[in-house]
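Only one structure is covered here, and it is reproduced in the block below.
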Amino acid sequence: MTDAALTLPPDVDPGDAEIHRTASGRAYVRTPDECFEGLPDFPWAPSYAEVDGMRMHYVEAGDPNGQVVLCLHGQPDWSYLYRRMIPTLAEAGLRVIAPDHIGFGRSDKPVQLGDYTYLQHVAWIEEFIDVLDLRDITPIVQDWGSLIGLRCVGNRPDRFARVVVANGQLPVVPEGFEPMRLPESLEPQDLAFPFNPDALAEVGGNGMALFEKWVHYALVGKDFMPSVVMAGGVQRDLTEAELAAYDAPFPTRLHMAGVRTFPSLINTVGHAPTNEAARAALDAFERPVLGMFGLRDALLGTEEVRDATRKQIRGAAGQPHHDYPEAGHFIQEDVGPDLAARIVAWMQ
């Protein structure tokens, strides 16, 4: 149905989609179950928790009484990203939980771009942890899963037994500072996928300039789809079926507010309360912290980002950190089985 109260980007037509509302009035859509039929190498039955009046999906595998491993994905992927790691973690007797952020995967998807902020995503994950009453957690955090997950560790360190940072970080952005210039209009544009092999050189080595191009591409790029990003960002060859699986949660543009907005949320990281207190608590975290990085990641594989985990966080001292020269941003896709095996050996 068409809802006149919705304010949607110019290329989004609600058509006859069924739009649900939470008790607070937030409009959201739900991806039909049939979109997820026949996903390759993803045999796990869906589980759901109610978060903020919406359904949040997660995969659970392994020993229900085992140590909790919480796998947090980034953008534009979903829990499917962890399919090459879940079997190894589960077979080791761990309780593996891989949720989809609200707006992603099989989770419900608010349709307004403004419903998504960095602190809102943090609140959703913290509520998810509370609903499942997860304790002594070992999070594996990557990309936006690290900005969200590490903020949760800083906010509530007693919930966490150890931490694995896999191509991620927790930046401190000054209050009110918005580092990215956003597009002046949400009208669709012909923009090229920004992460080609020479991408960083094309912007003079300026990682923030490259990220700004990514923000614009995600928000208004005409051909933006998760499969395009995954095909361009994963170092190994993905099959057509695997690429289609990354698109499965987003059958229409109406379902894509979350996946399109995530990069631009860097401008909301400096909203009060900022990451400053959480970063200080994270740096003081004394339980074990492991840093695992794909060096082909132009943004999160740099020495500066690696040092933000390995040299700044107290619990990272003396740990068996590892770099993968052959892996890029999507380290779970590139070297997932080996990454999982190293995490298991470290935890044991």
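For the sequence shown, my numbering begins at 9 and goes up steadily by one.
Don't be surprised by glycine CBs; every beta carbon is placed ideally from N, CA and C.
Since this is a predicted model, take the numbers as computed values, not measurements.
Within the region 200-255, the runs of alpha helix (DSSP H) that reach at least 4 residues and sit entirely inside it are, in chain order, 207-210, 215-228, 234-241, 248-255.
For residue 317, the enclosing alpha helix (DSSP H) stretches over residues 311-318. Within the region 273-314, the complete beta strand (DSSP E) runs of at least 3 residues fall at 297-302.
Shown here for residue 246: same chain residues with a beta carbon closer than 7 Å to its own, the five before and five after excluded, namely 238, 239 in chain order. Burial state of residue 341 is buried, judged by a 10 Å Cβ sphere holding 16 or more other Cβ atoms.
Between the C-alpha atoms of residue 195 and residue 120 there is a straight-line separation of about 16 Å.
Residue 260 counts as exposed, since fewer than 16 other C-beta atoms from the protein chains shown sit within 10 angstroms of its C-beta. Contact check for residue 283 against residue 178 passes: the beta carbons are separated by less than 8 Å. Secondary structure note for residue 89: it is in no beta strand (DSSP E), with a DSSP letter that is neither H nor E.
Taking 8 Å as the cut-off, the beta carbon of residue 39 is found no closer than this to the beta carbon of residue 348. Collapsing the DSSP output to three states places residue 26 in coil.
By a beta-carbon distance limit of 8 Å, residue 235 does not contact residue 206. Their separation comes to about 22 Å. Per DSSP, residue 62 is one residue of the beta strand (DSSP E) stretching across 62-70.
In the same chain as residue 271, and ignoring 5 residues on each side of it, the C-beta atoms closer than 6 Å to its own belong to 222, 223, 226, in chain order. Within the same chain, and ignoring the five residues on either side of residue 327 in sequence, the residues whose Cβ sits closer than 7 Å to its Cβ are 296, 297, 298.
Taking 3 residues as the shortest admissible run, the region 94-149 contains the following complete beta strand (DSSP E) segments, listed from N- to C-terminal end: 103-107, 145-149. For residue 45, there is no enclosing beta strand (DSSP E), as DSSP gives it neither H nor E. Residue state for residue 168 is assigned as strand, using DSSP reduced to three classes.
In the DSSP assignment, residue 58 falls within the unbroken beta strand (DSSP E) covering 55-59. Annotated three-state conformation of residue 31 is coil, per DSSP.
Here residue 174 carries a strand assignment [DSSP, helix/strand/coil]. The region 56-69 and the region 106-122 touch, with no fewer than 3 CB-CB distances between them shorter than 8 Å. Residue 115 holds the alpha-carbon nearest to the alpha-carbon of residue 36 among 182, 115, 351.
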